[in-house]
Amino acid sequence: MEYSKQKLSEEKVFKDPVHRYVHVSDQVIWDLIGTKEFQRLRRIRQLGTTYFTFHGAEHSRFNHSLGVYEIVRRIIDDVFDGRSEWNDDERLLSLCAALLHDLGHGPFSHSFEKVFTLDHEEFTQQIIVGNTEVNAILRKVEPDFPKKVAEVIAKTYENKLVISLISSQLDADRMDYLLRDAYFTGVSYGHFDMERLLRVMRPREDQVVFKYSGMHAVEDYIMSRYQMYWQVYFHPVTRSSEVILTKILHRAKSLHEEYYSFKHHPIHFYSLFEDEMTLEDYLKLDESVILYYFQMWQEEDDPILKDLCTRFMNRNLFKYVEFDPAKQFKVHSQLEKLFTRAGIDPNYYLVVDSSSDLPYDFYRPGEEEERLPIYLLMANGELRELSRESDIVDAISGKRRTDHKLYYPKDFIYDDSNQSEVIQQIRSILEGLK
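Using full-length UniProt numbering, the letters of the sequence shown map in sequence onto residues 1 to 434.
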């Protein structure tokens, strides 16, 4: 029998707190799960440093990837099966793309990418088409199968319906991470009626659409996403830990460029620091490796690296005040000068962090991050864009919300043993921002 059609002699199941069970019957999927590149995702948290704020947020990219696979499997096997708009020849490709969509995430993903100008989607594609265990399995399906999977993830595959299953404004990726992140953080915001969404989902030539009768379930999903971003993903305490994390990486890179002699040499970082990162080097990085260095760098002679790592490992985070960079840039400049006079390096200890989200948008051709809207399937067969039918979604469509915070080390500024004039001035300005 062709490898692509091989089934396991007995279905395997993973017990899952979100979907109850993840079902695997395809040999290809089972083999992909067993690769070292996929198993690496167990060592990368789904929510990065969010565990500093919500202590239950210890779940991994491995959990999430299985969840996205399971949702796509249910859509194809239960919802799309037998419908003329769906070509079942795309089933295995869709399942593989769903399972592997996050394969290239690095440790503390988004902070890590920001510092070293990396793109996890590019690494995902490299893993899929490169010299890896994942690639060897995909090539057994057919020689150009890895290329097809990579194209789905890159959103360039010819069948846009397949792409929309894992990359659209309402897709399996978002559905899983909202439910999973809500479960593990313990918040109630991210819950929505996924079962109802699956029941009203229909395949069309270019994307998934939703029956008009299920509009309220779609609205519920949009609002859940909105709340999760502001209550969980952009939580100011989590952002404080991300600020410290990025400053540690910046400091380590700066010291390397200055030929600083590390007590604990960052051998796993060398190719990163020198912009020569290979796929082999990248796959050796996970959060256990990063945390090892942070633990050891608490013993470094460099006071800034030592302090930042000690803060991160022991959750002594920066405090924050509300800040508007457009209106208060002079205040920031003034604080930078005062921090320098006080012997506190503002490059590492005075940080403006901004978070921004666009909860839903209709189609705006040619714009950056062009989004395909969500369509409702009316009773007469017509397709209508969601915000034209939903007052709730219309109220937030195209409205980008941005939040700015100014982070600083409170223990440095409010040290009772330091009552210098400069420190008093810093205190006065910070208190004026509160």
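Heads up, the beta-carbon is just placed ideally off N, CA and C, and yes, glycines get one too. Model, not experiment: these values are computed from the prediction.
Gly190 is the residue among Phe52, Gly190 and Gln39 whose C-alpha sits nearest the C-alpha of Tyr229. By the beta-carbon neighbour count (other beta carbons within 10 angstroms, threshold 16), Thr185 is buried.
With a 10 Å radius around the Cβ and a threshold of 16 neighbouring Cβ atoms, Val13 comes out exposed. For the stretch 322–350, the continuous alpha helix (DSSP H) assignments of 4+ residues that do not extend past its boundaries occur at 325–341 and 346–349, in sequence order. For Met201, the enclosing beta strand (DSSP E) covers residues Met201 to Pro203.
Excluding five sequence positions before and after Glu70, the CB atoms of its chain that fall closer than 6 Å to its own CB belong to His19 and Val22, given in chain order. Glu242 is classed as buried because its beta carbon has at least 16 other beta carbons within 10 Å across all chains shown.
Counting other Cβ atoms within 10 Å of its Cβ, Met194 reaches 16 or more and is therefore classed as buried. For Leu338, the CB contacts under 6 Å within the same chain, skipping 5 residues up- and downstream, are Val422, Gln425 and Ile426 in chain order. Restricting attention to beta strand (DSSP E) runs no shorter than 3 residues, the stretch 230–291 encloses none.
With 16 or more neighbouring CB atoms inside 10 Å of its own CB, Lys247 falls in the buried class.
The residue among Gln207, Leu283, Met215 and Thr278 with its C-alpha nearest the C-alpha of Leu197 is Met215. Secondary structure at Lys434: coil, using DSSP grouped into helix, strand and coil.
Contact annotation: Asp176 and Gly56 have beta-carbon atoms that are not nearer than 8 Å.
Ranked by how close their Cα comes to the Cα of Thr35, the residues Asp357, Leu283, Ala395 and Leu8 have Leu283 in first place. If you ignore the 5 residues before and after Gln298, its C-beta comes within less than 8 Å of the C-beta of Lys306, Cys309, Thr310 and Met313, all in its own chain and listed in chain order. Exposed is the label assigned to Arg388, since fewer than 16 other Cβ atoms lie within 10 Å of its Cβ. Counted as a single uninterrupted DSSP element, the alpha helix (DSSP H) harbouring Leu161 occupies residues Lys160 to Ile166.
Annotated three-state conformation of Ser417 is coil, per DSSP. Beta-bridge annotation (DSSP): Lys7 is paired with Asp26. Per the DSSP secondary-structure output, Val208 pairs in a beta bridge with Pro203. In the three-state scheme derived from DSSP, where H, G and I count as helix and E and B as strand, Arg139 is classed as helix. DSSP places Glu385 inside the beta strand (DSSP E), whose first and last residues are Leu383 to Glu385. When secondary structure is reduced to three states using DSSP, Asp403 falls in the strand class.
The alpha-carbon of Ile290 is positioned some 12 Å away from that of Ser109. A distance below 6 Å between beta-carbons, with the five flanking residues on each side excluded, links Ser240 to the following residues of its chain, in chain order: Leu317, Phe318 and Tyr407.
Here the alpha carbon of Ile392 sits roughly 45 Å from the alpha carbon of Lys5.
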